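Input: a single structure, listed below in structure tokens.
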Amino acid sequence: MLTVAASALLRNNKKSTAAACFSLAMPFLLSSPTPPSKPSSSSSSCCINGALSASASASGEEVTHLAQREAAEIDEQLMGPLGFSVDQLMELAGLSVAAAVAEVYKLGEHTRVLVICGPGNNGGDGLVAARHLHHFGYKPSVCYPKRTPKPLYSGLCTQLESLTIPFVPVEDLPANLSEEFDIIIDAMFGFSFHGTPRPPFDDLINRLVSLSAIDNSAKRPAIVSVDIPSGWHVEEGDINGGGFKPDMLVSLTAPKLCAKKFTGPHHFLGGRFVPPPIVSKYKLHLPPYPGTSMCVRIGKAPSVDISSLRENYISPELLENQVMPDPFDQFVRWFDEAVTAGLREPNAMALTTADKEGKPSSRMVLLKGVDKQGFVWYTNYGSQKAHDLSENPNAALLFYWNEMNRQVRVEGSVQKVPEEESEKYFHSRPRGSQLGAIVSKQSTIIPGREVLQQAYKELEQKYSDGSVIPKPDYWGGYRLTPKLFEFWQGQQSRLHDRLQYSLREVDRSTVWHIERLSP
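This is the structure we're talking about:
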């Protein structure tokens, strides 16, 4: 059977995952969502560490852009009658910046980050972003020429120093920033800045101007500006045309008017803390933040050459002398690690079946039990997969744990589990799931969703007295008995580790044999 940890977590997977997400996502809960604006047909979404980030295109109602006066008023109200403190807002803003950076600039190709911080709140946002990027796996360095003795800022510096994040004096910055850094975060000046930048910030801005003038972005660091590209006018943008042009702009609270002049490929909104009174008073039209994401793309995402999408995996080696001799034990070890890492639904698996003619079909199902006899899941016995298995009892499972660069393939034969086993599991499910199993004649064509809703409502009323809900005869479990396992660990330069377990006859007994496959 599963280890105690794995079996308990498997039974209570959704509950434990939800609890973990809640404790980690507390900052996200400080805001009420902005009034939903209908995404455009060009909206897209993508995922980072299990959190969705959507693209919000300004179709119909354009995203609101704030004048300098409005931005200042909103900050005053947030830190006055609405009860926020500057350190709360700075923490949320810095996290938003780090999340947006991680959304676009993936580890492995963009690891080395220089955060240039100014003396005010914008610089504080950069310090917070550096801390989060460190915890995301990046290697940030901080250039903070004008440190302030205020406790908030000195505390942020202490936090970074405790993580051994280096502070680089201006005079020690390399002459060619492209040789040392993959990303430069401009956190020098925010929307409240007036006048002409003074030394050393004028020189730092000029260095960014020189970098942004290099047409080939692959030969220079990506430049990310926090809220306002430093040196730009908050409302009129790059007035004289001599400023730098960032590749990414992370607007905070709401975009400022100068953001309309931004022409780079990546514009994100961050700072998920705008409460309804502010939305109402300033008639803000902001894109909705999906799920628990701290950032949302504004405008259409740049076109992507699908053939160029790739990850350079960085993982511990998977060696023959390190794995368990029994593949079931090795699976439980990896499953326990996936659960401990807080992955969303680590028991999700792709199930592939084929009919008698060999026509395959795949779908995602949830693992509900595993022991030395095999892998168990439950379904409707009238579904397509059940029809396939009645004609061809061979199937394959695939577990994919993206955040750990791991996958496990399992092949074998499939049989129904005993009726009493299905009965026991059925009555362990939430009552809503039991009713749903009765209502759904899986894979059959229905005229509309209202048919399901009406049938469910009728059953809900029928069993409203709390009486036992009978398991339908057409619902139950299957068990795949493995004949082959493959454990895959992603590695750099596509030199992945692949260890295959297959059954062999040795001295009149069946044993598992381990072989390494070429990636």
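First residue of the sequence shown? That's 1 in full-length UniProt numbering, and the numbers climb one at a time after it. In this text, a Cβ means the ideal position worked out from N, Cα and C, and glycines have one as well. Keep in mind it's a predicted model, so treat the numbers as computed, not measured.
- For Y282, the closest C-alpha among the options R69, S502, H496 is that of R69.
- A straight line joining the alpha-carbon of P430 with that of G436 spans about 10 Å.
- Excluding sequence positions up to five before and after V414, its CB lies within less than 6 Å of the CB of L389, P393, A395, Y478, L480, all in the same chain and listed in chain order.
- Secondary structure at N380: strand, using DSSP grouped into helix, strand and coil.
- Cα atoms of P149 and G80: separation of roughly 24 Å, rounded to the nearest angstrom.
- A straight line joining the alpha-carbon of Q442 with that of G382 spans about 7 Å.
- When secondary structure is reduced to three states using DSSP, S361 falls in the strand class.
- The continuous alpha helix (DSSP H) containing C157 extends over residues 151 to 162.
- For C117, the beta-bridge partners assigned by DSSP are A187.
- Collapsing the DSSP output to three states places S217 in a helix.
- Beta-bridge pairing by DSSP links D497 to Q489.
- A direct Cα-Cα distance of roughly 7 Å separates L398 from Q407.
- In this structure, F201 sits near G118, with a CB-CB distance shorter than 9 Å.
- S307 and E420 have their alpha carbons spaced roughly 50 Å apart.
- The DSSP assignment places 475 to 489 as complete runs of the beta strand (DSSP E) inside the segment 417 to 501, in order along the chain (cut-off: 3 residues).
- Taking C-beta atoms as the reference points, K471 and S440 fail to come closer than 9 Å.
- About 5 Å separates the CB atoms of V250 and V97; that is less than 8 Å, so the two are in contact.
- In this structure, P519 is the residue among T510, P519, Q492 with its C-alpha nearest to the C-alpha of E486.
- Short of 7 Å from the beta carbon of Y425, and not among the five residues preceding or following it, lie these beta carbons of its own chain, in chain order: K368, Y378, G477.
- Segment contact: the segment 204 to 215 against the segment 168 to 181, three or more CB-CB distances shorter than 8 Å; contact assigned.
- Assigned with DSSP and collapsed to three states, A354 falls in strand.
- DSSP lists Y400, W488 as the bridge partner or partners of Q407.
- When the Cα atoms are used, D473 and K385 turn out to be separated by approximately 17 Å.
- Counting only residues of its own chain and dropping the five nearest sequence neighbours on each side, L66 has a CB closer than 6 Å to the CB of A254, K256.
- Between the segment 353 to 369 and the segment 309 to 321 there are fewer than three C-beta pairs closer than 8 Å, too few to call the two in contact.
- Beta-bridge pairing by DSSP links R516 to L499.
- By the criterion of a C-beta distance shorter than 8 Å, L107 is surrounded in its chain by F136, G137, Y138, I314, once the five residues flanking it on both sides are discounted.
- For A338 and G490, the gap between their C-alpha atoms comes out near 15 Å.
- Listed in chain order, the non-local C-beta contacts of K219 below 8 Å within the same chain comprise S178, local neighbours out to five positions each way being set aside.
- Contact between L160 and R131 holds: CB atoms are separated by about 6 Å, below the 8 Å threshold.
- In the three-state reduction of the DSSP assignment, K139 falls in the strand class, which pools E and B.
- Out of K462, L252, G264, the CA that lies nearest to the CA of D215 is found in G264.
- Counted as a single uninterrupted DSSP element, the alpha helix (DSSP H) harbouring A72 occupies residues 68 to 78.
- Less than 9 Å separates the beta-carbon of S225 from that of M248.
- V410 is the residue among V410, S192, S85 whose C-alpha sits nearest the C-alpha of V376.
- Within a 10 Å sphere around the beta-carbon of M90 sit 16 or more other beta-carbons, which makes this residue buried.
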